[in-house]
Amino acid sequence: MSSFKEKIDKSRLPKHIAIIMDGNGRWAKERGYDRIFGHQNGVTSVRETTEAAAEIGVEYLTLYAFSTENWSRPQSEVDALMELLIDTIERETPTLNKNNVRLMAIGDLSRLPGSASEKLQRCIKQTEKNTGLALVLALSYSSRWEITNAVKNICKEVLNGNLSIEEINDDIISSHLTTNTIPDPDLMIRTSGEIRISNFLLWQMAYTELYFTDIHWPAFKKESFYKAIYDFQQRERRFGK
Ligand code: IPE
Ligand code: IPE
Ligand code: MG
């Protein structure tokens, strides 16, 4: 069985891959377990995908881990997800360092419980000098939150006289988003069969190639990731030209 990894053209890799990790709840339900069990097993896929991206030489991997709207889930599920986040970050920091992975985070991090945000900031600090893959966690993130924030900040600069209305362009807007140091995604993967964006990187994905798979997130493995990259490489990107 030849693998997708071998078929990938290493000279034309997507620089930035973004993933909507969906289907943890359904994966667990299909097996007769509660949703939390699905989230716990989703961590294995996070590890697999991060390793796969680092191995092949992808520069940025953004994982949508928790949306603004996810705060409206039952408190017990939110608590379990936050606890899982803390435990995972703490446990995986040495591995991230070993693999030269730099952790970053985007989203309204002020909404995270104190302990989660502390552990997150510590891991970001401890991995900031790494020069390999940048692993970007989207936490308490939504595109509308991000764009609203950007609009507010741009307005402030205009009112302060630091920016004129005529100067506002694509680049100014991009530079006010939480992704300002990160290139736009080349490829976006969503698992679990839902064909929607769910408030993820709306501005940044203007020309991103979209890839949808029926596989639930906990069942998404390295080969599933490589298959998506291979599929991406069969496409012609025209950017309207
Ligand atoms: C994705 O799985 C994880 C998060 C959104 C935190 P879900 O929890 O959305 O699982 P499904 O989509 O209900 O199966
Ligand atoms: C999107 O999944 C958010 C994350 C994966 C973190 P959801 O399960 O929350 O999205 P919808 O409700 O299916 O659109
Ligand atoms: Mg879902």
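Numbering (this note's numbering), first residue to last: 6 to 246. C-beta atoms are modelled at their ideal positions from N, C-alpha and C, and glycine is treated no differently.
Provide the residue(s) that pair with V141 in DSSP beta bridges, ordered along the chain. T67, M109
Would you kindly work out how many angstroms separate the C-alpha atoms of K246 and Y212, rounded to a whole number? 12 Å
Cα separation between Y65 and I187? 8 Å
Buried or exposed for W76, going by 16 or more other Cβ atoms inside 10 Å? exposed
Kindly indicate which residue of T218, I173, T49, Y231 has the alpha-carbon position closest to the one of R195. T218
Hey, could you find the ends of the alpha helix (DSSP H) Y1 is sitting in? Nothing can be reported for residue 1, as the shown portion of the chain is limited to 6 through 246.
Do the region 141-156 and the region 101-114 touch if we need at least three Cβ pairs shorter than 8 Å? yes
Contact check, D191 vs K20 under 8 Å by CB: the rounded distance? 6 Å
Helix, strand or coil for H181, going by three-state DSSP, please let me know. coil
Below 8 Å on the Cβ atoms is my guess for E82 versus R40; work out the distance and round it to an integer in Å. 6 Å
Which residues neighbour ligand 1 when neighbourhood means a C-beta less than 5 Å away from any of its non-hydrogen atoms? List them by chain order. D27, G28, N29, G30, R31
Find the nearest neighbour of Q45 within the set L89, V106, F225, judged by alpha-carbon distance. L89
What first and last residue would you give for the alpha helix (DSSP H) that runs through I41? 40-61
Does DSSP put A211 in a helix, a strand or coil? coil
Hey, D2 and Q238: beta-carbon distance below 7 Å or not? As shown, the chain starts at 6 and ends at 246. That puts residue 2 outside it, with no answer to give.
Looking at the strands, I want to know which residues DSSP matches up with A155. According to DSSP, which records beta bridges pairwise, A155 is partnered with nothing at all.
Tell me whether E199 counts as near ligand 2, meaning its Cβ is closer than 6 Å to at least one heavy atom of that ligand. yes
Do you know how far the Cα of A57 is from the Cα of N4? Here the chain comprises residues numbered 6 to 246, so residue 4 is not present and cannot be evaluated.
In chain order, what residues of the same chain lie with their CB nearer than 7 Å to the CB of D27, ignoring the 5 residues before and after it? R195, T196, S197, E199, W222
Taking all protein chains shown into account, do 16 or more other C-beta atoms lie within 10 angstroms of the C-beta of C128, making it buried, or fewer, making it exposed? buried
Got a sec? Which residues, its chain only, sit under 8 Å from M24 by beta carbon, not counting five neighbours each side? The question names Met, but residue 24 is Ile in the sequence shown. Same-chain partners within the cutoff: T54, L66, T67, L68, Y69, M193, I194, R195, T196.
Measure the C-alpha to C-alpha separation of V51 and C160 and round it to an integer number of angstroms. 38 Å
Where does M193 fall in DSSP's three states? strand
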